[in-house]
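Below is one structure; the comments refer to it alone.
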Amino acid sequence: MGEPFGIAVVGCGNISNQYLRNLAAFPDVRVLCCADLDLSRAKAQAAAYGVPAAVTVRQAVEHPGVRLVVNLTVPAGHAEVASAAIAAGKHVWNEKPLALDVAAGKDLLKQAENEGVRIGCAPDTVLGAGIQSARRLIASGGIGEPLSALTLLQGPGPQSWHPDPEFLFAPGAGPLFDLGPYYLSVLATLFGPVTRVAAVGRRPADSRIIGAGPRAGTEFSVTVPTYVAALAEYAAGQAASLLFSWDSPLSRHGFVEITGTEATLAVPDPNRFDGDLRVRRAGERDWAVIPSAGAAAGRGSGIVDMVRAIAHGEPHRASGELALHVLETMIAIERSARRAGFEQVQSTFEGLAPLRAEWDPYVSAI
Ligand SMILES: NC(=O)c1ccc[n+]([C@@H]2O[C@H](COP(=O)([O-])OP(=O)(O)OC[C@H]3O[C@@H](n4cnc5c(N)ncnc54)[C@H](O)[C@@H]3O)[C@@H](O)[C@H]2O)c1
Numbered sequence: 000m001g002e003p004f005g006i007a008v009v010g011c012g013n014i015s016n017q018y019l020r021n022l023a024a025f026p027d028v029r030v031l032c033c034a035d036l037d038l039s040r041a042k043a044q045a046a047a048y049g050v051p052a053a054v055t056v057r058q059a060v061e062h063p064g065v066r067l068v069v070n071l072t073v074p075a076g077h078a079e080v081a082s083a084a085i086a087a088g089k090h091v092w093n094e095k096p097l098a099l100d101v102a103a104g105k106d107l108l109k110q111a112e113n114e115g116v117r118i119g120c121a122p123d124t125v126l127g128a129g130i131q132s133a134r135r136l137i138a139s140g141g142i143g144e145p146l147s148a149l150t151l152l153q154g155p156g157p158q159s160w161h162p163d164p165e166f167l168f169a170p171g172a173g174p175l176f177d178l179g180p181y182y183l184s185v186l187a188t189l190f191g192p193v194t195r196v197a198a199v200g201r202r203p204a205d206s207r208i209i210g211a212g213p214r215a216g217t218e219f220s221v222t223v224p225t226y227v228a229a230l231a232e233y234a235a236g237q238a239a240s241l242l243f244s245w246d247s248p249l250s251r252h253g254f255v256e257i258t259g260t261e262a263t264l265a266v267p268d269p270n271r272f273d274g275d276l277r278v279r280r281a282g283e284r285d286w287a288v289i290p291s292a293g294a295a296a297g298r299g300s301g302i303v304d305m306v307r308a309i310a311h312g313e314p315h316r317a318s319g320e321l322a323l324h325v326l327e328t329m330i331a332i333e334r335s336a337r338r339a340g341f342e343q344v345q346s347t348f349e350g351l352a353p354l355r356a357e358w359d360p361y362v363s364a365i
């Protein structure tokens, strides 16, 4: 049995709670230190989750026991922190999006290749039981030939619950970049790469008010579209219609339907790891519910897949290439909304090998 992989968590805000809780329960990894620009946050999270040290970002990436840096900073920090970690010879797991633009994403992949380290990137929800079961069902011919997808994400926006929501309305976020990775990664997992997109975007309000936490009532600027409707074409022939909106009082999310020649598949929420599949066959009046099979262990599952892949010399699933393709797709959608025409997507990625239903991050496998 190999030693657990030493890990540093950089960025100790909201989402670090889910990561730190899960990583502590996965035997193939061990979190050795927490870091944040705000050291008091790193200290608080280290104390809360039994992590031995709270350090500066530089100390975290240079920590001799750390082999992989988990980068949970805000999107504007993703490339900078990842690059520092790679320069120190460490593998990197980035929260989404991979970087703010395609050039920065490509630079990261190149730098990692040169240093002989790997990049993985959220979302790892595509490795959850829900999406993996959908994938197995489609591969087994369960809906016939997959033809198209319809996805829907709408609601009033995260300023209502996030205590520091400014970054969610700045470049690198908005509903397209914040939640698009979940929906686009699911479709990439099921269909493969995108070839071209078209979109319209809107920003009805230039500012919003924080609704929760110590700064509730504070007004902040909105600089990105908060409504984006997109069309995407896939290399394998499918088409998709996608809506990402934070301009709707009515909340609806997690809607992903795949239409095939013989049935429609309602995929579980792409922002979750679990959920049943629902299938409605041609001519039937009711949906059949198919329980999903596999692990639904939450955020950090992709890190376990990555360290196991490193240990066994195999490719990991939530790869930098997939994240770069999703980033390029989102940037092409944003550009199309500005220019009002179709935009090509050039990048591609190796299809993710499906996970076996027995895959279990709670049992050591390195
Ligand atoms: N909050 C969620 O529900 C959620 C869910 C999934 C993914 N994410 C993603 O996780 C990332 C973080 O989101 P969050 O909600 O935790 O944000 P947050 O603002 O709550 O926390 C971010 C933390 O990173 C620190 N930080 C920022 N720049 C840094 C840098 N250069 N070096 C070191 N530390 C730095 C900040 O001080 C802060 O503590 C984002 O990419 C977001 O898209 C968030």
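Heads up: the sequence shown runs through residues 0 to 365, numbered per numbering that gives the first Met the number 0.
Where a beta carbon is used, it is the ideal one built from N, C-alpha and C, also for glycine.
Roughly how many angstroms separate the alpha carbons of residue i and residue j, rounded to a whole number?
i      : j      : result
SER346 : GLN158 : 33 angstroms
ARG195 : PRO63  : 44 angstroms
ARG214 : TRP286 : 45 angstroms
GLU357 : VAL306 : 18 angstroms
ASP359 : ALA281 : 35 angstroms
ALA336 : TRP160 : 28 angstroms
HIS171 : LEU323 : A small fix is needed here, since residue 171 is Gly in this sequence, not His. Those two C-alpha atoms are separated by around 13 angstroms.
ALA231 : ALA41  : 40 angstroms
ARG271 : GLU94  : 15 angstroms
ALA47  : ARG338 : 48 angstroms
VAL255 : GLY297 : 19 angstroms
VAL352 : SER318 : Per the sequence presented here, residue 352 reads as Ala, with Val not at that position. Spanning the two alpha carbons is a distance of roughly 11 angstroms.
ILE257 : ILE137 : 9 angstroms
HIS90  : ALA84  : 7 angstroms
LEU178 : GLN58  : 31 angstroms
ILE6   : CYS120 : 15 angstroms
ALA169 : ASP246 : 16 angstroms
GLN110 : ALA103 : 10 angstroms
VAL278 : GLU349 : 28 angstroms
Quick one: does the C-beta of residue i sit closer than 7 angstroms to a heavy atom of ligand 1?
i      : result
THR72  : yes
CYS32  : no
ILE118 : no
ASP123 : no
GLU261 : no
GLY76  : yes
GLY253 : no
PHE272 : no
ASP27  : no
PHE168 : no
GLY173 : no
LYS105 : no
LEU36  : yes
Taking residue i as part of the alpha helix (DSSP H), name the residues at either end of that continuous run.
i      : result
THR188 : 173 to 190
HIS311 : 300 to 311
GLU114 : 101 to 114
GLU349 : Where GLU349 is concerned, there is no enclosing alpha helix (DSSP H), given that its DSSP letter is neither H nor E.
SER318 : Per DSSP, SER318 belongs to no alpha helix (DSSP H) and is neither H nor E.
Can you round the beta-carbon distance between residue i and residue j to whole angstroms, since I take them to be within the 8 angstroms contact cut?
i      : j      : result
PRO248 : PRO155 : 6 angstroms
ARG117 : ILE309 : 6 angstroms
VAL125 : LEU71  : Actually they do not touch by this definition, with Cβ atoms about 18 angstroms apart.
LEU97  : HIS77  : 7 angstroms
ARG316 : GLY301 : 7 angstroms
ALA34  : VAL54  : 5 angstroms
ALA238 : ALA198 : Their Cβ separation, rounded to whole angstroms, is 14 angstroms, which puts ALA238 and ALA198 out of contact at 8 angstroms.
Let me check one thing: in DSSP terms, what residues is residue i bridge-paired to?
i      : result
CYS32  : ALA7 and ALA52
GLY64  : Answer by DSSP bridge pairing: none, since GLY64 is not bridged.
LEU167 : Answer by DSSP bridge pairing: none, since LEU167 is not bridged.
PRO145 : GLY259
LEU152 : PHE243
GLU342 : VAL196
VAL278 : LEU264 and ALA287
ASN70  : VAL9 and ASN93
GLU232 : ARG195 and ALA238
Which residues bound the beta strand (DSSP E) around residue i?
i      : result
ILE118 : 118 to 120
ILE208 : 206 to 208
ILE289 : 287 to 289
GLU94  : Element bounds for GLU94: n/a, residue is neither H nor E.
SER220 : 218 to 220
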